[in-house]
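**Student:** If you read the sequence shown in our numbering, its first letter stands for residue 24, the second for the next number, and so on.
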Amino acid sequence: MDIEEFRKRGYEAIDRICKYYKELDSVKVLPEVKPGYLKKLLPKHAPEEAEPWEDIQADFESTILPGVTHWQSPNFFAFYPANSSFPAIIADMFSDMINCVGFNWICSPACTELETIVLDWVNRLIGLDDGYLSDGEGGGVIQGTASEAVLVVMLAARQRVIDEYKKRGYTEEGIATKLIAYGSDQAHSSIEKASMIVNCKFKAIPSDDKFCLRGSSVRSVMEKDIEEGLIPFFITATIGTTSSAAIDYIDEIACTLEGTSVWLHIDAAYAGAALVCPEYQYLLKGVDRSQSFNFNMHKWLLTNFDCSCLWVRKRSHLLNALSLTPAFLRNIASDSGLVIDYRDWQIPLGRRFRSLKIWFVLRAFGANGLREHIRKSIKLAQRFEEELSKYPNYFAITTKPAFSLVCFHLKVQKNTNMASNELTTALYNSINNSRELYVTQTKLGSQNVIRFVVGSPWTTEQHVVDGVRKIVNFTEAIIEDAELTIE
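1. Going by beta carbon distance, what residues of the same chain come within less than 8 angstroms of residue 248, once the five residues before and after it are set aside?
2. Flag this pair as yes or no: are the beta carbons of residue 505 and residue 436 separated by less than 8 angstroms?
3. In terms of DSSP beta bridges, what is residue 315 paired with?
4. In this structure, what does DSSP give as the bridge partners for residue 430?
5. Answer with buried or exposed for residue 200, where buried requires no fewer than 16 other C-beta atoms within 10 angstroms of its C-beta.
6. Using the three-state DSSP reduction, which class does residue 296 fall into: helix, strand or coil?
7. Look at the alpha carbon of residue 147 and the alpha carbon of residue 97, and state the distance between them as a whole number of angstroms.
8. Helix, strand or coil: how does DSSP classify residue 370 here?
9. Count the other C-beta atoms from every protein chain shown that fall within 10 angstroms of the C-beta of residue 26, then say buried if there are 16 or more, exposed otherwise.
10. Go to residue 442, then tell me how far its beta strand (DSSP E) extends in each direction, as first and last residue.
11. For residue 206, which of helix, strand or coil comes out of DSSP?
12. Rounded to whole angstroms, what is the Cα-Cα separation between residue 541 and residue 389?
13. Which value, in whole angstroms, describes the spacing of the CA atoms of residue 322 and residue 374?
14. Measuring CA to CA, which of 207, 266, 242 and 85 is closest to residue 473?
15. Do you know how far the Cα of residue 223 is from the Cα of residue 77?
16. According to DSSP, is residue 463 helix, strand or coil?
17. Name the DSSP bridge partner or partners of residue 99?
18. May I have the straight-line CA-CA distance separating residue 387 from residue 105, to the nearest angstrom?
19. Over what stretch of residues does the beta strand (DSSP E) that includes residue 420 continue unbroken?
20. Are the CB atoms of residue 168 and residue 329 nearer to each other than 8 angstroms?
21. Check whether the stretch 176-188 and the stretch 238-246 are in contact - that is, three or more C-beta pairs closer than 8 angstroms.
22. Is residue 159 buried or exposed, if buried means 16 or more other CB atoms sit within 10 Å of its CB?
23. Would you kindly work out how many angstroms separate the C-alpha atoms of residue 300 and residue 60, rounded to a whole number?
24. In chain order, what residues of the same chain have a beta carbon less than 6 angstroms from the beta carbon of residue 400, not counting five sequence neighbours either side?
25. Helix or strand or just coil, what does DSSP make of residue 166?
26. Can you list, in chain order, the residues of its chain with a C-beta nearer than 8 angstroms to that of residue 118? Leave out the 5 residues immediately preceding and following it.
27. For the structure I just gave you, are there three or more beta carbon pairs, one from the stretch 126-145 and one from the stretch 50-64, closer than 8 angstroms?
28. Taking buried to mean at least 16 other C-beta atoms within 10 Å of its own C-beta, is residue 34 buried or exposed?
29. Hey, how far is the Cα of residue 398 from the Cα of residue 392?
30. Can you give me the Cβ contacts of residue 261 inside the same chain, cut-off strictly under 8 angstroms, excluding the 5 residues immediately before and after it?
31. With DSSP run on the structure shown, which of helix, strand or coil describes residue 404?
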C-alpha cells in the first residue's frame, strides 16, 4: 500500500467509522456467536502472498464485526463505560502516524513533555492537591489500566518499606515474608492480583452495611496483624467501587495510617472522572494524605482506551523500585537529570504517545464539555431510577444510586416459589439473552444485584425509558412462567 492508496483506503475507513456510529442504535449490543466461532471462519495459516485490500475489508465486515460487543452502543449499560470520541480517535491516528516508542525523553521529547503537562492539567481539573504536580516531588504518568497503576505503586510501596526496615537492621528476606497489603471486600480484584505478583500477603477488610471501608475497621485489622508479626505496608481506598460505586471513608483511613509506614493508594478508576465537576470534589477529603491516586480517563471521560492516569506524591519512590539504566539506554539528556524518563514509572519499557489524545480531548471539549457529559450520564441514571420506581411491586433499589450507576433486584413475587436471587438472575439472563441491552450482575452481601450503568455519550433519555420498558416486559414474562410452573 503506497501513500495514494493509503489516502483512498483511509477515506474509506473514516466513512466506515462514521457509518458505524450512525447505525449503532439499530445494532444489537451483544453478538450472536458461539465460543470458537472465528476459528471456523479463518484459515489455519497466514497468507504467503499479499491479498487484495477489498478482500481484507470484506472479511472484516463478515467475520470480525459479527463477533463484536458494541461498547459504544447507547444500549450498553454493563460494567463501567469505555468512552470513545472523535477527537480521541483522530489523536490516536496521529499517534499511530508518529509511532514512537517513548520510553525516554530523547526517543520523542514531545511525547514525554506533553504527558507531564496534560497530567498537570488534569490534576488541576479534578481538584487534586499541588503535591501531585510535576513541579514538586510528585507528578503524573499514563498507565494502560488501573491494574497496572496499582501494581506499580505497590512495588514502590514495597521497596519503600523494605528500605526503611533495612535501616533498622532487618534483612530484606526477613521483611518481605511479613509484608501485607489491604483493600476492602469491595475493592477491585486487581489489588489482590497485584499482591500475588509482588508476592506479599493480602487481606480484604470487611466493609460496612453501605459497602464502604471505615477507618475503625482498618485499625482493628492492622493492629491484630501487627501483633502477629506482620508488616502492613499498603492499602487501597476506593472512590466508586466496582459493584456499587461505594466511597470509602478516605479521611478516616488516612487518620488511622498517621505515623505508620503504610502507603495509601486511592483507586478512583471510574468515579474519578466525576471530579471534573466541582460539586463532587468534596470526595477528595483526605486524599491530600495519600501517596498515589489513579483514575481512568478511558472509562467515562471521552478518551479512547487505554488511558489510565496515575499520580504519585514522590516520584523518587517509583524510581527506587523500577529504575534500571543499562548501557544501551544511557544518553546525555537522561544523564543530565533534567528530563523525565517514563520507562522508570511503569512495568514495560516501551510506551505509546497516549498523552496526545488527552490533549486533543481537553481542547476539543473543554472542561465545561466534559462536565456536561458527566452530568448528562448522572441525570440519565436518575431517570432510570425514577422509571424503575414506578414498579414498586417488582423492583427494589439495592443501594443508593451513585454517579451513573443504579443497582436493583427483583422482589419475591406472590404465587411463585422463586427467591429474590433466583428471580434477579433470571431477569439478568433474559436481558442479556435478548442482546438488545447489556447489563452486568454482582452480589452485594447475600443479594444478587443487576447493575445498570449509563456512560455512553450516545445514550439518550429515550434509550433509558425504552430500557426500563424492556426490563419490565422481561420481568413479567419471568413471573408468568414461574406462576405457570406452580400451577
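From the three backbone atoms N, C-alpha and C, an ideal C-beta is built for every residue, glycine too. These figures come from a predicted structure and were not determined experimentally.
**Tutor:** Let me lay it out:
1. 203, 226 and 255
2. yes
3. 288 and 335
4. 474
5. exposed
6. helix
7. 31 angstroms
8. coil
9. exposed
10. Unbroken run through residue 442: none, as it is neither H nor E.
11. strand
12. Nothing can be reported for residue 541, as the shown portion of the chain is limited to 24 through 510.
13. 20 angstroms
14. 266
15. 53 angstroms
16. strand
17. 461
18. 18 angstroms
19. 418-420
20. yes
21. no
22. exposed
23. 44 angstroms
24. 427, 477 and 478
25. strand
26. 375, 376, 377, 379 and 380
27. no
28. exposed
29. 10 angstroms
30. 206, 207, 209, 210, 211, 236, 269, 270, 271, 289, 290 and 291
31. helix
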